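Q: This is the structure I have questions about; it appears just below.
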Amino acid sequence: MRTTRSRQLLARACKRIPGGVNSPVRAFRAVGGTPPFLVRGRGCRVFDADGNEYVDYVGSWGPLVLGHADRSVLRAARAAMANGTSFGAPTEIEVEMAEAIARAMPAVEMVRMVSSGTEATMSALRLARAVTGRERVLKFDGCYHGHVDSLLVGAGSGVATLGIPGSPGVPKAMTELTVQVPYNDLGATEAAVRRFGDEIAAILVEPVAGNMGCVPPVPGFLEGLRALCDRSGALLLFDEVMTGFRVARGGAQALYGVKPDLSCLGKIVGGGFPAAAYGGRRDLMARVAPAGDVYQAGTLSGNPVAMAAGLATLARLREPGVYEQLGRVSKAVADGLAEIAARRGVELTTAAVGGMFGFFFHPGPVQDFEDAKQSHAERFRRFFAEMLARGVYLAPSAYEAGFVSLAHRAKDVAFTLEAADAAMKQVARVG
Ligand SMILES: Cc1ncc(COP(=O)(O)O)c(C=O)c1O
Numbered sequence: 005m006r007t008t009r010s011r012q013l014l015a016r017a018c019k020r021i022p023g024g025v026n027s028p029v030r031a032f033r034a035v036g037g038t039p040p041f042l043v044r045g046r047g048c049r050v051f052d053a054d055g056n057e058y059v060d061y062v063g064s065w066g067p068l069v070l071g072h073a074d075r076s077v078l079r080a081a082r083a084a085m086a087n088g089t090s091f092g093a094p095t096e097i098e099v100e101m102a103e104a105i106a107r108a109m110p111a112v113e114m115v116r117m118v119s120s121g122t123e124a125t126m127s128a129l130r131l132a133r134a135v136t137g138r139e140r141v142l143k144f145d146g147c148y149h150g151h152v153d154s155l156l157v158g159a160g161s162g163v164a165t166l167g168i169p170g171s172p173g174v175p176k177a178m179t180e181l182t183v184q185v186p187y188n189d190l191g192a193t194e195a196a197v198r199r200f201g202d203e204i205a206a207i208l209v210e211p212v213a214g215n216m217g218c219v220p221p222v223p224g225f226l227e228g229l230r231a232l233c234d235r236s237g238a239l240l241l242f243d244e245v246m247t248g249f250r251v252a253r254g255g256a257q258a259l260y261g262v263k264p265d266l267s268c269l270g271k272i273v274g275g276g277f278p279a280a281a282y283g284g285r286r287d288l289m290a291r292v293a294p295a296g297d298v299y300q301a302g303t304l305s306g307n308p309v310a311m312a313a314g315l316a317t318l319a320r321l322r323e324p325g326v327y328e329q330l331g332r333v334s335k336a337v338a339d340g341l342a343e344i345a346a347r348r349g350v351e352l353t354t355a356a357v358g359g360m361f362g363f364f365f366h367p368g369p370v371q372d373f374e375d376a377k378q379s380h381a382e383r384f385r386r387f388f389a390e391m392l393a394r395g396v397y398l399a400p401s402a403y404e405a406g407f408v409s410l411a412h413r414a415k416d417v418a419f420t421l422e423a424a425d426a427a428m429k430q431v432a433r434v435g
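Using our numbering, read the sequence shown as starting at 5 and increasing by one per residue.
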């Protein structure tokens with residue numbers, strides 16, 4: 005694997021960009037080595053500045069459910085761009101997006117577009133605080149909701165990858181409002197609600213955790229959260245930035261049949277452009293300015309190019325059989341990895357939900373962040389490096405999910421598992 009050009013680019017980047025990257029996990033700090041600087045993507049493959057080619061399971065961290073440079077997305081984005089890139093004024097395509105989201109997710113009766121998942125969770129939390137008149141938020145260890153001050157407590161994703169407990173610069177007063185509970189632990193959640201019940205504005209959850217690896221909810225967990233919210237008056241806030249349109253067209257709320265009060269979306273709704281959303285019950289969303297008094301705004305919110313790319317993506321996801329296909333592919337990868345590990349005598353726990361999957365070098369079960377943290381870091385590092393060298397681009401952290409797209413075919417899975425077999429052989433040698 006050639007790395008000369010990427011190494012040169014990283015050295016240049018580090019002089020002007022903190023850590024050489026515009027988002028921490030991209031820097032490969034947890035796995036070592038040089039991150040390939042990517043120049044091109046096509047279907048399920050990406051190509052780097054040194055001419056290496058990889059089967060991609062990052063998919064820009066989730067948005068690219070159709071694969072890279074999908075023709076229908078490019079066509080829609082180009083057509084929108086030809087009419088101008090941004091207006092900062094109402095456009096019909098924003099209405100179409102709001103309607104498309106509401107059709108797929110009936111709980112999202114009204115929606116506001118924003119530009120990132122972080123903005124979506126931050127704004128939804130502000131709304132929850134405003135309508136309940138309460139200030140605390142209950143979140144789960146290992147869930148990541150973007151870099152919102154009060155939500156960086158016990159966060160997964162890059163925060164976990166870098167092994168930092170939170171972040172300097174976040175006022176203590178903000179983190180004191182955050183109640184942390186282990187994921188999938190309804191008993192602990194009940195206890196927290198008993199203690200802080202009438203102060204909790206929202207229970208915020210990734211309905212399938214994807215930022216501590218892939219950790220599905222145990223049966224009854226999401227239903228239990230719904231019941232706790234109903235009893236305590238807190239709002240149930242599903243962060244479906246990752247799971248929305250990925251685990252099912254209607255997100256995890258459709259897959260598990262639990263209706264949140266507010267939902268956050270991102271990634272797929274922007275079709276690879278910066279777009280995200282928060283929405284939910286009409287009576288709650290009616291409080292958002294200018295309909296109501298809860299202020300939230302954005303220069304590029306509802307950007308027409310992003311809306312066009314997002315809508316083209318959502319249109320493809322309406323076709324019959326697409327979620328069965330995504331589910332088949334991620335299950336084939338997860339089951340394949342499990343079979344190879346078993347054959348090679350390596351302890352591995354896998355999970356697959358819709359178009360996302362994960363694996364832990366851990367005998368399992370993995371149901372919360374404490375379990376996820378027991379994953380064998382050195383085995384992961386070795387596996388990751390061996391896979392990369394063989395042309396498979398996985399997320400460079402044990403605390404991230406893998407994403408498949410409709411462009412991943414049986415031959416790509418076969419290629420991946422062949423690489424995994426050779427990589428696992430090396431992992432088996434790690435003590
Ligand atoms: C569940 C979840 N919520 C929120 C975010 C933040 O989104 P963004 O990176 O667009 O700010 C992410 C990002 O990975 C996420 O996975």
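All C-beta atoms, glycine included, are put in the ideal place defined by N, C-alpha and C. All of these numbers come straight from a predicted model, not from anything done at the bench.
Going by the DSSP bridge assignment, what does MET114 pair with across the sheet?
A: Note: MET114 sits in a beta bridge opposite GLY284.
Q: What residue range does the alpha helix (DSSP H) around VAL59 cover?
A: VAL59 -> not in any alpha helix (DSSP H); beta strand (DSSP E) instead, spanning 57–60.
Q: Look at the alpha carbon of ALA17 and the alpha carbon of GLY37, and state the distance between them as a whole number of angstroms.
A: Roughly 15 Å between the two C-alpha positions.
Q: With respect to 7 Å, is the separation between the Cβ of VAL118 and the closest non-hydrogen atom of ligand 1 below this value?
A: Checking the Cβ of VAL118 against ligand 1 gives no.
Q: Given GLU113, which residues of its chain have a CB within under 8 Å of its CB, disregarding the five upstream and five downstream residues?
A: Excluding sequence neighbours, GLU113 sits near ALA106, GLY283, GLY284, ARG285, ARG286 and MET289.
Q: Using 8 Å as the cut-off, can you tell me whether the region 195–215 makes contact with the region 228–240, which would need three or more C-beta pairs spanning the two stretches below that distance?
A: Short answer: they touch.
Q: Among the residues of its own chain, which have a CB less than 6 Å from the CB of HIS412, if the five just before and after it don't count?
A: Closer than 6 Å at Cβ, skipping near neighbours: CYS48 and VAL333.
Q: What are the boundary residues of the alpha helix (DSSP H) that SER10 is part of?
A: Start and end: 8–20.
Q: Which residue marks the beginning of the beta strand (DSSP E) containing VAL43, and which one marks its end?
A: Unbroken beta strand (DSSP E) run through VAL43: 42–46.
Q: According to DSSP, is CYS268 helix, strand or coil?
A: If DSSP states are grouped into helix, strand and coil, CYS268 belongs with the strands.
Q: Can you tell me whether PRO400 is buried or exposed, with buried defined as 16 or more other CB within 10 angstroms of its CB?
A: Buried.
Q: Helix, strand or coil for LYS377? Go by DSSP, reduced to three states.
A: It is helical.
Q: Can you give the beta carbon distance from ALA124 to VAL245, rounded, assuming they're within the 8 Å contact cut?
A: Contact holds; Cβ gap of about 6 Å.
Q: Please classify GLY449: is it buried, with 16 or more other beta-carbons within 10 angstroms of its beta-carbon, or exposed?
A: Residue 449 is absent from the model: the chain starts at 5 and stops at 435.
Q: Throw me the rounded Cβ distance for the ARG383 and VAL434 pair, which I believe falls under 8 Å.
A: Going by Cβ atoms, the distance from ARG383 to VAL434 rounds to 5 Å, so yes, they are a contact pair.
Q: Note the first and the last residue of the continuous beta strand (DSSP E) segment covering ASP243.
A: Taken as a continuous stretch (DSSP letters only), the beta strand (DSSP E) holding ASP243 covers 239–243.
Q: Got a sec: does ligand 1 put a non-hydrogen atom nearer than 7 Å to the Cβ of SER161?
A: Yes, the Cβ of SER161 comes within 7 Å of a heavy atom of ligand 1.
Q: Work out the CA separation of ALA80 and VAL309 for me, nearest whole Å.
A: When rounded, the distance between both Cα atoms is 8 Å.
Q: With a threshold of 16 other CB atoms inside 10 Å of the CB of GLU404, please say whether the residue is buried or exposed.
A: GLU404 should be labelled buried.
Q: With a threshold of 16 other CB atoms inside 10 Å of the CB of ASP202, please say whether the residue is buried or exposed.
A: Exposed is the call here.
Q: Is there at least one non-hydrogen atom of ligand 1 closer than 7 Å to the beta-carbon of TYR260?
A: Result no, Cβ not under 7 Å from ligand 1.
Q: Please name the residue, chosen from VAL408, ALA424 and ALA418, that lies closest to SER64 on a Cα-to-Cα basis.
A: For the residues VAL408, ALA424 and ALA418, the minimum Cα distance to SER64 belongs to VAL408.
Q: Please list, in chain order, all residues of the same chain as ARG4 whose beta carbon is under 6 Å from its beta carbon, the five residues on each side excluded.
A: Residue 4 lies beyond the range of the chain shown here (5 to 435); nothing can be said about it.
Q: Taking contact to mean at least 3 C-beta pairs separated by less than 8 Å, is the region 299–314 in contact with the region 69–83?
A: A contact exists between the region 299–314 and the region 69–83.
Q: In angstroms, rounded to a whole number, what distance separates the CA positions of VAL326 and LEU410?
A: One C-alpha to the other measures close to 7 Å.
Q: What do you reckon, are the CB atoms on VAL212 and VAL357 nearer than 8 Å?
A: In this structure, VAL357 lies closer than 8 Å to VAL212 by Cβ.
Q: Using only the alpha-carbon positions, how far apart do MET117 and SER305 sit?
A: Rounded to whole angstroms, MET117 to SER305 spans 6 Å at the Cα level.
Q: What runs of the alpha helix (DSSP H), each 4 residues or longer, lie entirely inside the region 145–223?
A: Runs found: 161–165, 176–179 and 190–200.
Q: Could you work out which residue in GLY228, GLY276 and PRO221 is closest to PRO369 when comparing CA atoms only?
A: Closest option to PRO369, Cα to Cα, is PRO221.
Q: Please indicate yes or no: does the CB of GLY314 lie closer than 7 Å to some heavy atom of ligand 1?
A: It does not: the Cβ of GLY314 is nowhere closer than 7 Å to a heavy atom of ligand 1.
Q: Check each candidate in GLU343, MET391, ALA281 and LEU13 and name the one with the smallest Cα separation from SER119.
A: Ranking the options by Cα distance to SER119, first place goes to ALA281.
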